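One structure below.
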Amino acid sequence: MKKKIDNAQNNVTAADLYDRKTIVKLNRDIGSQNQLKGWIYLAPALLLLLVFSFYPLINTFRMAFLNGYNGLAIVGGESFSVGIENFKTVLAYSDFKQCLLNTILLCVITVPISTILALLIAVALNSIKPLQKVYQTVFFLPYVTNSIAIGMVFNAMFTRVGLGDLVQTQGIINNILGIFGIGPFNFVNVGSSWGANMFVVCTYIVWNAIPFKILVLLGGLQNVNKQYYEAAKIDGTSKVRTFFRITIPLVSPMLAYVIITSFIGGFKEYSSIVGIFGEGMGPGGNGQMNTIVGYVYNMLPKSNLGNASAASLILFGIILIVTAINGYVSKKKVHY
Amino acid sequence: MKIVLKNLSKIFPSRNKKSNGVVVAVDSLDIEIPDGKLVGLLGPSGCGKSTTLYMISGLQKPTMGQVFFGEHDVTMLEPEHRGVGLVFQNYALYPHLTVKQNIMFPLQNLKGEEKLDKEEMLRRAQEAADLVQIGDLMDRKPSELSGGQQQRVAIARALVKAPRVLLLDEPLSNLDARLRLQTREEIRRIQRETGVTTVFVTHDQEEAMSISDIIVVMKNGVKQQVGEPQKVYDDPANLFVAQFLGTPPINVFDGELSGGWLYIGNERVMDVSPDEPDRPVVVGIRPEGFIPSGNGCFSGDLKNIEVMGRDCSVVFTNEKSQKPSVRAIIDSDAGASLIGMSKVSFDLKRNKVFLFESETGDRIRF
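In order, the protein sequence lines correspond to chains A and B.
For the first sequence, the working numbering assigns the number 53 to the initial residue and increments by one for each residue that follows.
For the second sequence, the working numbering assigns the number 94 to the initial residue and increments by one for each residue that follows.
Shown next as structure tokens:
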């Protein structure tokens with residue numbers, strides 16, 4: 053043992069000749085000398101991002117924390133004190149509270165429903181062979197359709213104009229319900245209830261959110277080694293247990309991905325509701341279906357930049373918290 | 094549990110749809126596997142041995158024929174009702190479950206009267222794990238185990254529900270050489286301890302010979318020979334079996350029967366029954382069938398001598414050999430005396446020489 057140590061001390065190795073810095077330099081890739089080229093190639097995209105993403109992002113923080121900040125600031129001549137006035141104003145508005153409630157409810161209702169439906173459809177698709185591609189295409193169609201257009205179609209489907217027996221026009225949904233002697237309901241027209249509106253919007257969002265999720269989950273399912281299922285079959289595992297103990301854990305990375313992205317998408321919900329109700333974001337423009345993003349857009353024409361920024365930051369905060377929770381849960385539950 | 098395969102066939106549609114053809118993976122297999130034996134299904138890849146195993150397990154339905162467990166016809170029985178344990182080639186351990194959960198998984202499926210309480214499950218899982226000597230790895234995930242350990246977990250999972258039949262698909266092919274030797278001993282030991290009828294699939298003849306009670310040699314879906322490894326080696330049914338078994342492989346020559354004698358080239362090497370009609374034949378001579386002799390009946394040009402300690406192998410050429418060189422294994426002392434010679438000649442051990450029909454490869458017993 054002693055001899056070995058002596059040897060190590062006497063022998064001069066390469067490590068003795070160079071210090072760490074030199075080694076790092078020597079080991080650097082030849083390609084890294086071309087870094088400048090890389091930066092130049094990136095420059096156009098980077099420039100656009102700087103102007104249209106990073107600057108507005110930072111400016112939003114600035115505007116949100118300047119009390120009463122408004123469009124006059126652009127003309128100049130007015131100065132603002134730093135504070136949280138904007139947040140106080142926004143949170144005091146009953147309009148905003150309605151928007152907040154709508155947004156959160158939409159997420160809480162549609163994300164689980166659409167995810168579960170998408171998972172079931174994906175599993176079903178994965179288990180059939182003939183026509184799989186055809187069904188896959190059919191299920192994917194909503195994804196490539198314009199959301200405003202779908203919204204208008206939904207409006208037409210659920211519409212009912214007229215009073216009592218004096219119906220002037222009625223959409224397909226009420227017609228179908230009528231066959232079974234149910235209804236008619238006022239889903240989307242003037243005087244319709246908040247609950248009925250919510251039902252229509254949720255249906256829309258679920259229908260619209262499913263295709264992408266199916267695509268991702270189907271990809272995950274197709275990557276699962278068939279032998280796991282054969283092993284489970286040999287051991288007499290029931291279908292239900294196989295689904296919960298094998299399928300779900302093995303696609304859990306994809307599940308986590310679709311859940312996180314659809315929460316984020318849900319909190320940004322806007323265009324679907326515009327599609328159904330128009331910019332008034334509610335039947336007859338009463339704003340009862342408005343969302344946070346809708347609220348932000350409403351503030352802009354009024355030059356109320358401070359309030360709009362504050363509302364955006366509140367939304368940002370919510371998304372941040374929800375995503376953090378998602379991340380925390382998936383760390384425990386997701387098997388990569 | 095005795096396993097009987099009767100006229101078992103599996104036919105797949107050919108991949109090429111236009112040709113309208115079919116691929117016969119397993120062709121009218123008749124095998125009887127006695128209770129409590131370790132049986133190796135042996136053959137080159139694509140010979141239908143894995144398909145046969147999957148048909149025994151029930152994961153694949155036979156196109157024709159029957160599978161019996163004991164007196165029971167299980168051909169139409171679902172795999173979960175057959176009471177088989179199957180170890181997959183890639184082990185198929187559930188990656189998200191720990192070793193313990195993996196082993197307990199089959200037990201948790203039990204329903205009704207067979208249902209076990211948690212302690213009993215844990216006890217049995219521990220028992221199975223101890224049997225394959227992974228008792229201390231119970232809380233690891235499969236990704237944290239070496240290939241050999243994963244293999245053991247897979248065996249424990251297959252054994253934990255006390256199957257009537259244990260099936261192993263290429264159990265050693267994913268292990269490195271040293272581990273393979275060790276694991277095959279292990280499989281032998283586990284099989285002896287549990288006494289469970291075991292069928293395993295391999296393309297490695299050495300592996301099959303070393304641990305099996307019985308080997309089944311297959312080629313192109315057809316059974317070639319069934320028997321104890323040594324018997325099959327000593328008495329191959331045809332040229333394929335003779336060539337497939339043994340390392341180094343058997344030496345094959347073009348020979349001729351003429352007037353009750355076997356000729357290889359111009360050399361008259363052995364007498365055969367005078368009733369055999371004169372015709373060309375294929376001659377197989379095991380490497381250990383050569384006895385060096387100054388004026389032996391069979392000769393060749395010496396290429397080189399490879400010394401391997403106890404034995405040495407003499408590599409020489411003979412113009413009638415079907416391969417460029419012929420290999421004879423003799424003991425080192427005899428080999429040493431050959432060094433430096435240009436021509437070598439041998440006498441042949443009669444029981445190491447096999448004759449085959451040159452057309453069909455069938456054995457000629459002379």
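Glycine included, every Cβ here is placed at the ideal spot set by N, Cα and C.
For clarity, every value in this text was computed on a predicted model and none was experimentally measured.
Just tell me which of the options has its CA closest to the CA of residue i.
{"i": "Gly327 of chain A", "options": "A:Pro164, A:Phe206, A:Ser355, A:Gly247", "result": "A:Phe206"}
{"i": "Gln244 of chain B", "options": "B:Gln275, B:Ala255, B:Val258", "result": "B:Gln275"}
{"i": "Thr145 of chain B", "options": "B:Asp371, B:Leu101, B:Lys324, B:Phe162", "result": "B:Leu101"}
{"i": "Gly314 of chain B", "options": "B:Gly176, B:Leu135, B:Lys254, B:Cys140", "result": "B:Cys140"}
{"i": "Leu118 of chain A", "options": "A:Leu100, A:Lys140, A:Ser105, A:Leu102", "result": "A:Lys140"}
{"i": "Gly433 of chain B", "options": "B:Arg403, B:Glu206, B:Phe449, B:Ile398", "result": "B:Ile398"}
{"i": "Gly358 of chain B", "options": "B:Ser366, B:Val345, B:Glu164", "result": "B:Val345"}
{"i": "Leu169 of chain A", "options": "A:Asn378, A:Ile311, A:Phe319", "result": "A:Ile311"}
{"i": "Asn113 of chain B", "options": "B:Val309, B:Ser121, B:Asp120, B:Ile104", "result": "B:Ile104"}
{"i": "Ser366 of chain B", "options": "B:Arg458, B:Pro199, B:His189", "result": "B:Arg458"}
{"i": "Gly223 of chain A", "options": "A:Gly230, A:Thr211, A:Leu229, A:Gly233", "result": "A:Thr211"}
{"i": "Leu372 of chain A", "options": "A:Met341, A:Ile316, A:Ile344", "result": "A:Ile316"}
{"i": "Met250 of chain A", "options": "A:Val160, A:Lys73, A:Lys265, A:Leu98", "result": "A:Val160"}
{"i": "Asn138 of chain A", "options": "A:Ser361, A:Pro335, A:Val374, A:Leu269", "result": "A:Ser361"}
{"i": "Ser430 of chain B", "options": "B:Glu412, B:Ala335, B:Val400", "result": "B:Val400"}
{"i": "Phe319 of chain A", "options": "A:Ile298, A:Gly337, A:Leu94, A:Leu367", "result": "A:Leu367"}
{"i": "Ala261 of chain A", "options": "A:Asn122, A:Ser199, A:Gly379", "result": "A:Ser199"}
{"i": "Val276 of chain A", "options": "A:Gly90, A:Ile300, A:Trp259, A:Val186", "result": "A:Ile300"}
{"i": "Tyr121 of chain A", "options": "A:Leu102, A:Gln188, A:Val142", "result": "A:Val142"}
{"i": "Gly339 of chain A", "options": "A:Phe148, A:Leu100, A:Met209, A:Val292", "result": "A:Phe148"}
Please confirm if residue i has its CB atom under 9 Å from at least one CB of chain A.
{"i": "Pro199 of chain B", "result": "yes"}
{"i": "Ala249 of chain B", "result": "no"}
{"i": "Lys154 of chain B", "result": "no"}
{"i": "Arg281 of chain B", "result": "no"}
{"i": "Ser150 of chain B", "result": "yes"}
{"i": "Lys142 of chain B", "result": "no"}
{"i": "Lys254 of chain B", "result": "yes"}
Just checking my contact of residue i with residue j at CB under 8 Å: how many whole Å lie between their CB atoms?
{"i": "Ser364 of chain A", "j": "Val348 of chain A", "result": "5 Å"}
{"i": "Cys405 of chain B", "j": "Ser425 of chain B", "result": "5 Å"}
{"i": "Val192 of chain B", "j": "Leu230 of chain B", "result": "5 Å"}
{"i": "Glu171 of chain B", "j": "Gly158 of chain B", "result": "Contact doesn't hold; Cβ gap of about 18 Å is too wide."}
{"i": "Asn195 of chain B", "j": "Pro235 of chain B", "result": "7 Å"}
{"i": "Val132 of chain B", "j": "Ser386 of chain B", "result": "Actually they are not in contact, since the Cβ atoms of Val132 of chain B and Ser386 of chain B sit about 41 Å apart, beyond 8 Å."}
{"i": "Ile227 of chain B", "j": "Val246 of chain B", "result": "6 Å"}
{"i": "Gly348 of chain B", "j": "Val376 of chain B", "result": "4 Å"}
{"i": "Gly176 of chain B", "j": "Leu260 of chain B", "result": "Contact doesn't hold; Cβ gap of about 11 Å is too wide."}
{"i": "Arg271 of chain B", "j": "Leu265 of chain B", "result": "About 11 Å; that fails the 8 Å criterion."}
{"i": "Leu135 of chain B", "j": "Ala301 of chain B", "result": "4 Å"}
{"i": "Leu448 of chain B", "j": "Leu355 of chain B", "result": "7 Å"}
{"i": "Thr343 of chain A", "j": "Glu321 of chain A", "result": "5 Å"}
Taking 9 Å as the CB-CB limit, is residue i close to chain B?
{"i": "Gln279 of chain A", "result": "yes"}
{"i": "Thr162 of chain A", "result": "no"}
{"i": "Lys73 of chain A", "result": "no"}
{"i": "Arg297 of chain A", "result": "yes"}
{"i": "Leu273 of chain A", "result": "no"}
{"i": "Met53 of chain A", "result": "Confidence in Met53 of chain A is poor, its pLDDT being 41 and thus under 50, which makes the residue's placement unreliable; the coordinate value appears in the next sentence. Met53 of chain A does not count as touching chain B."}
When every heavy atom of the ligand ATP is checked, does at least one fall within less than 8 Å of the C-beta of residue i?
{"i": "Met363 of chain B", "result": "Looking for the ligand ATP in the displayed structure turns up nothing, as the structure carries no ligands at all."}
Just checking: is the beta-carbon of residue i within a distance shorter than 9 Å of some beta-carbon in chain C?
{"i": "Gly382 of chain B", "result": "Included in the structure are the protein chains A and B, with no chain C among them."}
For the stretch 172 to 189 of chain B, list every residue whose C-beta sits within 7 Å of some C-beta in chain A, in sequence order. Within the stretch 172 to 189 of chain B, the qualifying residues are Pro172, Glu173, Val177, Leu179, Phe181, Asn183, Ala185, Tyr187, Pro188, His189.
Residues in the stretch 199 to 221 of chain B with C-beta within 7 Å of chain A's C-beta atoms, listed in sequence order? Residues of the stretch 199 to 221 of chain B with a Cβ closer than 7 Å to any Cβ of chain A, in chain order: Pro199, Asn202.
Which runs of the alpha helix (DSSP H) at least 4 residues long sit entirely within the stretch 107 to 170 of chain A? Give them in chain order. Counting whole runs of 4 or more residues, the stretch 107 to 170 of chain A contains the alpha helix (DSSP H) stretches 107 to 116, 124 to 127, 137 to 144.
Threshold first: 4 residues or longer. Then list the alpha helix (DSSP H) segments lying entirely within the stretch 259 to 287 of chain A, N to C. Entirely contained in the stretch 259 to 287 of chain A, the alpha helix (DSSP H) runs reaching 4 residues are, in chain order, 278 to 286.
Along the stretch 283 to 309 of chain A, what residues have a CB closer than 9 Å to any CB found in chain B? Residues Ala283, Ala284, Lys285, Ile286, Asp287, Gly288, Thr289, Ser290, Arg293, Arg297, Ile298, Pro301, Leu302, Ser304.
Runs of beta strand (DSSP E) lying entirely within the stretch 140 to 192 of chain B, each at least 3 residues, in chain order: Within the stretch 140 to 192 of chain B, the complete beta strand (DSSP E) segments of 3 residues or longer fall at 157 to 162, 177 to 180, listed in chain order.
Entirely within the stretch 189 to 247 of chain B and at least 3 residues each: give me those beta strand (DSSP E) ranges in chain order. You should have found no qualifying run.
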